[in-house]
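Okay, structure first, notes after.
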Amino acid sequence: MIVAPRYEIEHHITGTREDDHNARFTVRRNGKAFYIKVSPSHFVNSPTMTDKYLSYLEVLRSGEEVLGDIYDTDVYEWVMAPFEPLFAELAPSPSSHPKDIRISLQDHLFPDFFVFDLDIVDEKLCPRRVATDRSPHRPSFVRFDDELLDDLETWTTFYDPAGITLSFKNPEDALFMPPKKVLIDNRKAECFFKPCNSGTQIKQELKAYKMILAAGLDSQLHLCHLYGVVMDDSNFILGLLLTYIDDGDRPLSTRIHPDDPNDPPPAIRERWIGQLDATFAELHKAGIVWGDVKAENVLIDRDNNAWITDFGGGCTEGWIDKEIAGTVQGDWVGMAKLRKFTPPTKRNTNLKLL
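Anchor point for the sequence shown: position 346 equals 346 in UniProt numbering, and the numbering is continuous, going up by one each time.
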């Protein structure tokens, strides 16, 4: 039995125009990146496979796990199957013992890479390597002007990604998975790495963290502390280093059982709401607006504390209307919905009277 090599599909991109039928995939294996483009313009004498691809493309565009009788996993397996021998050949397993693997954030964000097109000729899928010295992906295109950089230097720290180490329970996962926990300061401090996806968003977030630090709220409440800003040698902003919340990959949105009012029990629910109320009050007293209030942005740690995260602005449909987004009023509207989302268990009113 042939075992497929391990690899991870980091993400895929499809065109938004109706006449754009291209798809792009980013795959990670053993610390190397594979960038794969699929385009019907590279299909020759292959009507059956073209029809299959176009039906698969609709699944990718939908963002659903299944559309009709096609699962997204069917699509991934179909695209990746002809590349699996190349994954094994071009990204072999490291010779070192898995426990000795050390991958820096620099290694992860700027990996060795391979670029491929997927041609289909006479109904056969044919990977074709594209020769290039330039990666089709950059982790960030955001730079700050000198004035903002000078201000940042007065209250936070700049970090080189080469000095930051990825941290996983299984060290081998660093060769395949995007990082959440990283180690800084000679691997002595744990942080959460938040990538920079928007210049506007990261400026808004930095402004909020500066105010949180000035008010001392990050030491008083369950609010993340900003350890620093990660920059590359071309002064592109790669992301933020924030407090690592243990078990923080379980947001409030996943912690409330929809059909069991005692999961979690009422005391825990009331504790979360009390912590959120107290944090809201102190943030507003300091002139800080949370903004994107929603259950996904409340993280619950292993000690059942509720942390408010994501000060990048914006709003999410169903939580706050755009007209009041980014205001104190919007925050309290969102907080009212968080209370409804986290109702305490109803007290038993059928007690016997003595």
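All C-beta atoms, glycine included, are put in the ideal place defined by N, C-alpha and C.
- In the three-state DSSP reduction, Trp-155 falls in the helix class (H, G or I).
- The Cβ-Cβ distance between Ala-23 and Leu-57 falls below 8 angstroms.
- With 16 or more other Cβ atoms from the protein chains shown falling within 10 Å of its own Cβ, Val-298 counts as buried.
- Taking a cut-off of 8 angstroms for Cβ pairs, the region 176 to 196 and the region 227 to 246 touch, as three or more such pairs fall below it.
- In the three-state scheme derived from DSSP, where H, G and I count as helix and E and B as strand, Trp-307 is classed as strand.
- Your pair Ala-91 and Arg-29 checks out as a contact, with CB atoms roughly 4 angstroms apart and the cut at 8 angstroms.
- Sequence-distant Cβ neighbours of Arg-102 in its own chain, meaning closer than 7 angstroms and more than five residues away, are Thr-165.
- For the pair of segments examined, the region 148 to 165 was found not to touch the region 118 to 125: the number of CB pairs separated by less than 8 angstroms stays below three.
- As far as DSSP is concerned, Leu-90 takes part in no beta bridge.
- In this structure, DSSP gives Val-289 a state outside helix and strand, which the three-state scheme calls coil.
- Here Asp-247 really is in contact with Ile-300; their C-beta atoms are around 7 angstroms apart, less than 8 angstroms.
- For Ala-4, the closest of Ile-120, Val-115 and Phe-83 by C-alpha to C-alpha distance is Phe-83.
- Secondary structure remark: continuous alpha helix (DSSP H) runs of at least 4 residues inside the region 112 to 190, in chain order: 146 to 155.
- Inclusion of Gly-287 and Met-211 in the CB contact set at 8 angstroms is warranted, their separation being smaller than that value.
- When the beta-carbon positions are compared, Val-293 and Thr-327 stay at least 8 angstroms from each other.
- A residue is called buried once 16 or more other Cβ atoms fall within 10 Å of its Cβ, and Gly-68, having fewer, is exposed.
- Between the alpha carbons of Asp-233 and Phe-193 lies a gap of roughly 18 angstroms.
- Around the C-beta of Gly-216, fewer than 16 other C-beta atoms lie within 10 Å, and the residue is accordingly described as exposed.
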